[in-house]
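Visitor: Once you've had a glance at the structure underneath, I'll fire off some questions.
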Amino acid sequence: MLSWVVIGLAGAAVSGIVSIFDKTVIYRYATTPHTLPLLIGIAQTFVGVVVLAVVRVPEGAEWEPVFWALVSGVVFGLSAQFLIRVLYWNEVSRTIPVFQSYPIFTAVYAFFFLGEELGVVDWLAVAVVVAGSVLISFRPGSGSIRGILLDRAFVLLMIGSAIHGSAHIFGKVAVDELPVLFTHALRSLGLGAVFFAFNLRSGSVDDVRTFVRTRSPALRFVAMNELIIATVGLLLLLWALALGPAALVTALSGARAFFLVVYSTALALVWKGALGEVTTPGVIAIKMVSTMLIVAGVAAIATGSA
């Protein structure tokens with residue numbers, strides 16, 4: 005059997021690709037911040053229904069883990085709303101790494117609600133993650149404290165990250181009692197419901213109609229991303245969560261930030277202006293250093309919590 009560490013890292017690497025495709029649709033095709041979430045809601049609902057029809061409800065499944073699987077999807081959807089909203093206006097490699105600080109919130113939840121105590125190293129790791137999150141949002145030459153924030157996006161990202169941290173707790177509770185595929189189907193349905201509720205607007209519906217009428221490449225991007233790439237990434241991380249300790253798996257998922265910066269920077273260097281990324285040497289250096297801080301911090305938190 006594959007190690008949960010290998011599975012978790014593979015899931016993080018695949019999830020980094022998802023963000024690149026999301027930003028491509030946002031940057032090149034969507035005219036409102038609600039368009040991509042609506043498309044994702046449609047795709048994830050489809051995935052949930054199809055997987056549920058194939059695997060069916062497992063014999064002996066109890067209502068409580070089923071409920072937590074749905075809650076995990078709903079909470080995941082709520083946090084993703086914050087992420088996609090900010091992603092619509094900002095660089096992908098400055099947005100995702102800040103959001104990826106969610107393991108620090110998981111550690112705090114565990115401390116207050118589960119009675120898990122954190123050592124000095126763990127709290128220092130929290131400080132490192134926060135420092136990395138602030139650094140990656142820094143704009144050289146901004147000249148003011150306000151310039152540290154991404155047009156107030158930092159606060160939104162941190163709120164979304166705090167919400168997202170709880171989704172992994174609910175997911176762990178569910179997948180400990182239910183099969184991975186069945187849990188994934190329920191989470192997809194919960195996520196899809198949230199995205200429909202928040203993004204079924206006239207502007208986003210008009211966008212989708214235009215995509216269909218003109219056979220826009222955006223539909224191919226979303227179909228490939230959500231039906232294949234995102235599904236594989238989510239299943240890998242859920243599989244790792246079923247096999248390994250939640251804290252360590254959560255830390256591994258934070259490696260998505262590293263993969264994302266590598267992917268987006270490489271694309272921007274090859275295709276100038278791709279994804280709206282800034283590629284000056286100073287900016288690239290800040291992104292790489294701060295991303296490594298975030299990944300190192302969340303890994304230290306998870307290791308210390310084991």
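If you're matching positions, the sequence shown starts at 5 in the numbering used here and goes up one per residue. Beta carbons: idealized from backbone N, C-alpha and C, even for Gly.
(1) Cα separation between W243 and R89?
(2) Whose C-alpha, out of V198, F103, V54 and G196, is nearest the C-alpha of L87?
(3) Can you say whether F262 is buried or exposed, counting buried as having 16 or more other CB atoms within 10 angstroms of its CB?
(4) Shortest alpha-carbon distance to L231 belongs to which of L139, K176, I46 and T269?
(5) Under 8 Å between C-beta atoms, does A16 make it to chain D?
(6) With respect to the alpha helix (DSSP H) encompassing W72, which residues constitute its N-terminal and C-terminal limits?
(7) Could you tell me whether the region 161-173 touches the region 74-83, using the rule of 3 or more Cβ pairs below 8 Å?
(8) Are the beta-carbon atoms belonging to P107 and G258 less than 8 Å from one another?
(9) Is Y267 helix, strand or coil by DSSP?
(10) Using only CA atoms, which one of L252, S294, H188 and D211 lies nearest to A111?
(11) Pull up the CB-CB distance for I298 and V58, whole angstroms please, since I reckon it's below 8 Å.
(12) When DSSP labels each residue in this structure, what does N203 get in the three-state scheme?
(13) In whole angstroms, give me the CA-to-CA distance for S148 and L139.
(14) So what's R260 in DSSP terms, helix, strand or just coil?
(15) Pull up the distance between the alpha-carbon of R219 and that of A270, whole angstroms please.
(16) At the level of alpha carbons, what is the spacing between S146 and V124?
(17) Look up E181 in the DSSP assignment and say whether it is helix, strand or coil.
(18) Can you find at least 3 beta carbon pairs, one from the region 36-54 and one from the region 192-211, that sit closer than 8 Å?
Guide: Reading off the structure:
(1) 28 Å
(2) F103
(3) buried
(4) I46
(5) Looking at the structure shown, chain D is missing, and only one protein chain is on hand.
(6) W67 to L91
(7) yes
(8) yes
(9) helix
(10) L252
(11) Incorrect: roughly 37 Å between the Cβ atoms, too far for contact.
(12) helix
(13) The pLDDT assigned to S148 is 48, lower than 50, so where the model puts this residue is not dependable; a value taken from the coordinates is nonetheless given after this. Going from the Cα of S148 to the Cα of L139 covers about 14 Å.
(14) helix
(15) 29 Å
(16) Confidence in S146 is poor, its pLDDT being 47 and thus under 50, which makes the residue's placement too unreliable to answer from.
(17) coil
(18) yes
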